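Notes follow the structure.
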Amino acid sequence: MHYEWQVHIVLASCLFVLGAVVGSFLNVCIYRMPLQKSILWPDSRCPNCFGRIRAIENVPIFSWLVLRAACHECRLKISARYPTIEAITGLLFVVVYFADAYFGMAHPHPDVAVYAGVLYHCVFVAVLLAVSMIDYDWTIVPLGLTNFGLLFGIMCGTLNPAMRPAPAFSTTALGGLGVGLLGAAVGAGMVWVVRIIGALVFRREAMGRGDVDILAVIGAFMGWQAAVLSFFLSAFFGLIPSLVKLVPYLLKRLQGREWNPSDREIPLGPFLSMGAVFLLLTWHWSWRVLFSQYFGLFTMLFSPLPD
Ligand SMILES: [Zn+2]
Numbered sequence: 001m002h003y004e005w006q007v008h009i010v011l012a013s014c015l016f017v018l019g020a021v022v023g024s025f026l027n028v029c030i031y032r033m034p035l036q037k038s039i040l041w042p043d044s045r046c047p048n049c050f051g052r053i054r055a056i057e058n059v060p061i062f063s064w065l066v067l068r069a070a071c072h073e074c075r076l077k078i079s080a081r082y083p084t085i086e087a088i089t090g091l092l093f094v095v096v097y098f099a100d101a102y103f104g105m106a107h108p109h110p111d112v113a114v115y116a117g118v119l120y121h122c123v124f125v126a127v128l129l130a131v132s133m134i135d136y137d138w139t140i141v142p143l144g145l146t147n148f149g150l151l152f153g154i155m156c157g158t159l160n161p162a163m164r165p166a167p168a169f170s171t172t173a174l175g176g177l178g179v180g181l182l183g184a185a186v187g188a189g190m191v192w193v194v195r196i197i198g199a200l201v202f203r204r205e206a207m208g209r210g211d212v213d214i215l216a217v218i219g220a221f222m223g224w225q226a227a228v229l230s231f232f233l234s235a236f237f238g239l240i241p242s243l244v245k246l247v248p249y250l251l252k253r254l255q256g257r258e259w260n261p262s263d264r265e266i267p268l269g270p271f272l273s274m275g276a277v278f279l280l281l282t283w284h285w286s287w288r289v290l291f292s293q294y295f296g297l298f299t300m301l302f303s304p305l306p307d
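Quick note on our numbering: the sequence shown kicks off at 1 and runs consecutively.
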């Protein structure tokens with residue numbers, strides 16, 4: 001966008017604040033959804049003394065610092081994770097803004113559509129962050145969260161079919177709906193194929209049911225190409241964490257020591273999400289320079305014949 005830098009700073013600061021508030025809500029989701037509790041009711045209370053958390057104590061990041069990481073009634077320690085999630089969400093919103101603003105310069109008339117795109121991407125990263133944290137904690141993915149992402153991605157991509165990154169954009173609402181549905185189907189279908197192969201060949205669950213939903217969300221938001229790429233990038237982002245987890249497991253097996261199935265279970269959600277966020281932030285460069293060449297065959301098959 002052709003703005004003075006001051007405008008960028010103001011808008012980015014607003015998005016950081018918005019992100020911190022959204023992060024505060026994500027904390028509620030991350031804490032309550034795996035326990036099947038309502039995310040809307042009741043209001044937040046201290047888990048120890050059940051003291052109501054007053055509005056002034058509920059300001060993202062700031063309150064945690066002022067309260068010096070403890071409940072003001074009973075001094076129960078409040079985990080640093082809460083303000084960290086709030087700060088990460090705020091920073092992600094800022095990074096999304098600058099990525100969109102930078103690449104949005106190609107846009108001839110920066111307008112409502114560009115802002116709508118920024119918010120669309122902010123919702124996307126917020127859903128992925130909450131899903132990743134819950135998957136990391138519990139190795140489960142709450143359907144409520146992924147269903148919301150799926151509907152939001154398909155709906156916004158239908159209302160504004162130019163919102164998804166090329167080549168997943170469309171010019172008509174029907175086309176946008178098609179791109180979203182195809183993206184979700186390819187994302188989910190890919191994981192199902194891996195699950196079926198895993199069950200037949202290795203006789204164990206190769207990928208979780210939750211991974212189906214995560215890749216469906218990625219496909220709905222960014223198109224099927226991004227779902228396929230996130231799938232492969234997750235192996236890259238997950239390589240080192242997997243080794244850290246699997247080496248002790250293999251040593252246990254080699255030494256004949258006791259092990260349990262959780263020793264070899266690695267939640268894939270965080271790495272699928274990292275792949276998707278990487279693509280989201282770099283798409284205009286990474287698609288053109290790195291990835292589009294691998295999709296040449298599909299483009300040839302699906303594009304109209306040259307004249
Ligand atoms: Zn308390």
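Glycine included, C-beta positions come from ideal geometry on N, C-alpha and C. Please read all numbers here as calculations on a predicted model, not as lab measurements.
- Distances from the alpha-carbon of Trp192 to those of Ile140, Leu215, Phe291, Leu174 put Leu215 closest.
- Gly153 places its beta carbon 8 Å or farther from that of Gly187.
- Positions of the alpha helix (DSSP H) runs, each at least 4 residues long and wholly inside the stretch 224 to 258, are given as 224 to 254 in order along the chain.
- For Val217, the CB contacts under 7 Å within the same chain, skipping 5 residues up- and downstream, are Val127, Thr146, Gly149, Leu150, Gly153 in chain order.
- Taking 8 Å as the cut-off, the beta carbon of Gly183 is found no closer than this to the beta carbon of Pro161.
- Under the three-state reduction of DSSP output, Ala69 falls in the coil class, being neither helix nor strand.
- The residue from Ile140, Gly157, Leu91 with its alpha-carbon nearest to that of Gly117 is Gly157.
- With a cutoff of 8 Å on beta-carbon distance, Ser132 and Gly269 are scored as near each other.
- Between ligand 1 and the CB of Cys29, the shortest heavy atom gap is not smaller than 7 Å.
- With 16 or more neighbouring CB atoms inside 10 Å of its own CB, Cys122 falls in the buried class.
- One alpha carbon belongs to Glu73, the other to Leu65, and they sit about 16 Å apart.
- In the structure shown, Arg52 adopts extended strand secondary structure according to DSSP, grouped into three states.
- Per DSSP, Leu281 is one residue of the alpha helix (DSSP H) stretching across 269 to 286.
- If the five residues before and after Gly19 are omitted, its C-beta is found closer than 6 Å to the C-beta atoms of Thr89, Gly90, Phe93, all from its own chain and listed in chain order.
- For Cys29, the enclosing alpha helix (DSSP H) has its first and last residue at 5 to 32.
- In this model, Arg195 and Gly208 are separated by some 8 Å (Cα to Cα).
- Under DSSP, Arg45 forms a beta bridge with Arg52.
- The beta carbon of Arg32 lies closer than 8 Å to those of Ser38, Ile39 in the same chain, with the five residues before and after it left out.
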